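Undergrad:
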Amino acid sequence: MTNKENPAISILIAVWNEEEFLDKFFGSIKNQTFNDYEIICVNNGSSDGSLEKILKWQKIFGLEKFKIIKNKTNSGLTNALNLALKEARGQYIARIDPDDFWEKEKLEKQISFMKNNPDYGIIGCNHLNIYQNNKNKRYIRLPETSEMISKKLFRRNPFAHSCILARTDLIKSIGGYNESIKYGQDYDLWLRCFPKTKFYNLQEFLCQRTVERGISVKKQNAQMWQSIKTRAKYIHKYNYSWKNYLYLLEPLLVILTPNFIKKIKRKYF
Numbered sequence: 092m093t094n095k096e097n098p099a100i101s102i103l104i105a106v107w108n109e110e111e112f113l114d115k116f117f118g119s120i121k122n123q124t125f126n127d128y129e130i131i132c133v134n135n136g137s138s139d140g141s142l143e144k145i146l147k148w149q150k151i152f153g154l155e156k157f158k159i160i161k162n163k164t165n166s167g168l169t170n171a172l173n174l175a176l177k178e179a180r181g182q183y184i185a186r187i188d189p190d191d192f193w194e195k196e197k198l199e200k201q202i203s204f205m206k207n208n209p210d211y212g213i214i215g216c217n218h219l220n221i222y223q224n225n226k227n228k229r230y231i232r233l234p235e236t237s238e239m240i241s242k243k244l245f246r247r248n249p250f251a252h253s254c255i256l257a258r259t260d261l262i263k264s265i266g267g268y269n270e271s272i273k274y275g276q277d278y279d280l281w282l283r284c285f286p287k288t289k290f291y292n293l294q295e296f297l298c299q300r301t302v303e304r305g306i307s308v309k310k311q312n313a314q315m316w317q318s319i320k321t322r323a324k325y326i327h328k329y330n331y332s333w334k335n336y337l338y339l340l341e342p343l344l345v346i347l348t349p350n351f352i353k354k355i356k357r358k359y360f
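Each residue of the sequence shown is one higher than the last, beginning at 92 in the working numbering.
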């Protein structure tokens with residue numbers, strides 16, 4: 092791939108003080124069986140050794156394949172992703188968080204599906220959650236077809252952010268990520284795309300995700316409030332049945348759960 096050629100996939104990455112994960116993380120990208128991609132990595136004001144690790148991996152991948160955007164301060168994940176999105180040249184975009192990990196055939200299997208099914212705009216896959224507080228593991232199966240996803244659209248986020256492959260033109264056509272949203276910006280993005288395309292989840296476990304890495308009660312509550320607001324907005328906008336509002340009870344109960352119970356749950360479950 093030369094600078095004049097557009098890659099098939101643009102991989103969007105935002106890094107903030109995640110030095111300890113970057114070797115395994117970039118290694119999982121390097122080991123992909125599909126390699127027609129570019130990496131657009133935003134170093135989002137890291138104060139640890141993340142930038143040095145990023146520069147090391149840029150040399151391994153090659154300058155023509157790996158673009159670095161350097162933010163002097165942390166602009167927030169949503170802004171960083173939009174900065175990367177603006178630079179994306181690929182027909183598709185993929186997203187992955189620096190503490191997550193792809194199986195080696197992840198991109199190959201997803202792009203094969205997309206090329207054979209051009210009416211689909213966003214696809215994901217099943218994934219393995221690894222809970223950092225207690226090392227427990229949980230295999231997460233997501234609804235497969237667009238019809239199944241539609242029925243459960245407001246019950247849960249239909250995709251894990253690090254699992255998706257999406258058409259770049261689709262994501263750019265709706266303006267990318269909503270920068271007024273600090274948490275759950277991906278869920279809002281999928282819901283804005285929903286009337287414009289079809290969704291799908293490959294039923295293979297092609298991604299490992301690190302979950303609950305030191306999340307504070309304050310941050311968890313903010314995430315839950317945003318989930319409630321996002322779901323309520325689009326239930327109303329798309330004229331879904333009032334029964335879908337019942338799904339808002341789950342994040343509300345998380346907010347109302349006493350802090351000492353949350354701490355016990357994190358420790359043992």
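C-beta atoms are modelled at their ideal positions from N, C-alpha and C, and glycine is treated no differently. Source: prediction; values computed, not measured.
What residue range is occupied by the uninterrupted beta strand (DSSP E) comprising residue 228?
TA: Segment 228 to 231, the beta strand (DSSP E) holding residue 228.
Undergrad: Can you have a look at residue 330 and say buried or exposed, based on whether 16 or more other CB atoms are within 10 angstroms of its CB?
TA: Burial call: exposed.
Undergrad: Write down every uninterrupted run of the beta strand (DSSP E) in the stretch 270 to 346 whose length is 3 residues or greater and which is fully enclosed by it, in chain order.
TA: Correct list: 289 to 302.
Undergrad: Write down every uninterrupted run of the alpha helix (DSSP H) in the stretch 242 to 267 whose length is 4 residues or greater and which is fully enclosed by it, in chain order.
TA: Correct list: 259 to 264.
Undergrad: Give me the Cα-Cα distance between residue 105 and residue 136, rounded to the nearest whole angstrom.
TA: Rounded to whole angstroms, residue 105 to residue 136 spans 10 Å at the Cα level.
Undergrad: Give the straight-line distance between the Cα atoms of residue 249 and residue 295, rounded to the nearest whole angstrom.
TA: Going from the Cα of residue 249 to the Cα of residue 295 covers about 15 Å.
Undergrad: Taking 7 Å as the threshold (C-beta atoms), are residue 236 and residue 261 in contact?
TA: No; because the gap between Cβ atoms is not below 7 Å, this pair is not in contact.
Undergrad: Work out the CA separation of residue 314 and residue 173 for me, nearest whole Å.
TA: Roughly 20 Å between the two C-alpha positions.
Undergrad: Alpha carbon to alpha carbon, what distance is there between residue 345 and residue 374?
TA: Because the chain here runs from 92 to 360, residue 374 falls outside it and cannot be looked at.
Undergrad: Under a Cβ-count criterion, where at least 16 other Cβ atoms within 10 Å of its own Cβ denotes burial, should residue 153 be classed as buried or exposed?
TA: The residue in question, residue 153, is exposed, as its Cβ has fewer than 16 Cβ neighbours within 10 Å.
Undergrad: Does the contact criterion of 3 or more C-beta pairs under 8 Å hold for the stretch 105 to 119 versus the stretch 129 to 144?
TA: Short answer: they touch.
Undergrad: Between the stretch 262 to 274 and the stretch 168 to 187, can you find at least three pairs of beta-carbon atoms closer than 8 Å?
TA: The stretch 168 to 187, when compared against the stretch 262 to 274, does touch it at the 8 Å Cβ threshold.
Undergrad: Helix, strand or coil for residue 115 per DSSP?
TA: In this structure, residue 115 counts as helix in the three-state DSSP scheme.
Undergrad: Kindly indicate which residue of 340, 116, 127, 97 has the alpha-carbon position closest to the one of residue 202.
TA: With distances taken between Cα atoms, residue 202 lies closest to 127.
Undergrad: Buried or exposed: which applies to residue 124, given that a residue is buried once 16 or more other Cβ atoms fall within 10 Å of its Cβ?
TA: Per the 10 Å Cβ criterion, exposed.
Undergrad: Once DSSP output is grouped into helix, strand and coil, what is the label at residue 366?
TA: Absent from the model: residue 366. The displayed extent of the chain is 92 to 360, so no value can be given.
Undergrad: In the structure shown, what three-state DSSP assignment does residue 148 receive?
TA: It is helical.
Undergrad: Considering only C-alpha positions, which residue in the set 256, 145, 117 is nearest to residue 209?
TA: The residue with the shortest Cα to Cα distance from residue 209 is 256.
Undergrad: Using CA coordinates, which residue listed in 328, 350, 96 is at the minimum distance from residue 181?
TA: Answer by Cα proximity: 96.
Undergrad: Comparing C-alpha positions only, which one of 200, 185, 245 sits nearest to residue 327?
TA: The candidate whose alpha carbon is nearest that of residue 327 is 245.
Undergrad: Look up residue 193 in the DSSP assignment and give the residues it is bridged to.
TA: Partner(s): 298.
Undergrad: Should residue 281 be labelled buried (16 or more other beta-carbon atoms within 10 Å of its own) or exposed?
TA: Buried, because 16 or more other Cβ atoms sit within 10 Å of the Cβ of residue 281.
Undergrad: When the Cα atoms are used, what is the spatial distance from residue 206 to residue 309?
TA: The alpha-carbon atoms of residue 206 and residue 309 are separated by roughly 42 Å.
Undergrad: Measuring straight from C-alpha to C-alpha, what distance separates residue 312 and residue 140?
TA: About 30 Å.
Undergrad: If you reduce the DSSP assignment to three classes, tell me which class residue 154 lands in.
TA: Residue 154 falls in the coil class under three-state DSSP.
Undergrad: Quick check on this structure: which residue in 301, 194, 299 has the alpha carbon closest to the alpha carbon of residue 122?
TA: If we check each option's Cα against that of residue 122, 194 comes out closest.
Undergrad: Ignore the nearest five residues each way along the sequence and tell me which others in residue 92's own chain have a CB closer than 7 Å to its CB.
TA: At residue 92 the pLDDT is 43, less than 50, meaning the model places this residue with poor confidence and gives no usable figure here.
Undergrad: Among 162, 189, 114, which has the Cα closest to the Cα of residue 102?
TA: It is 189.
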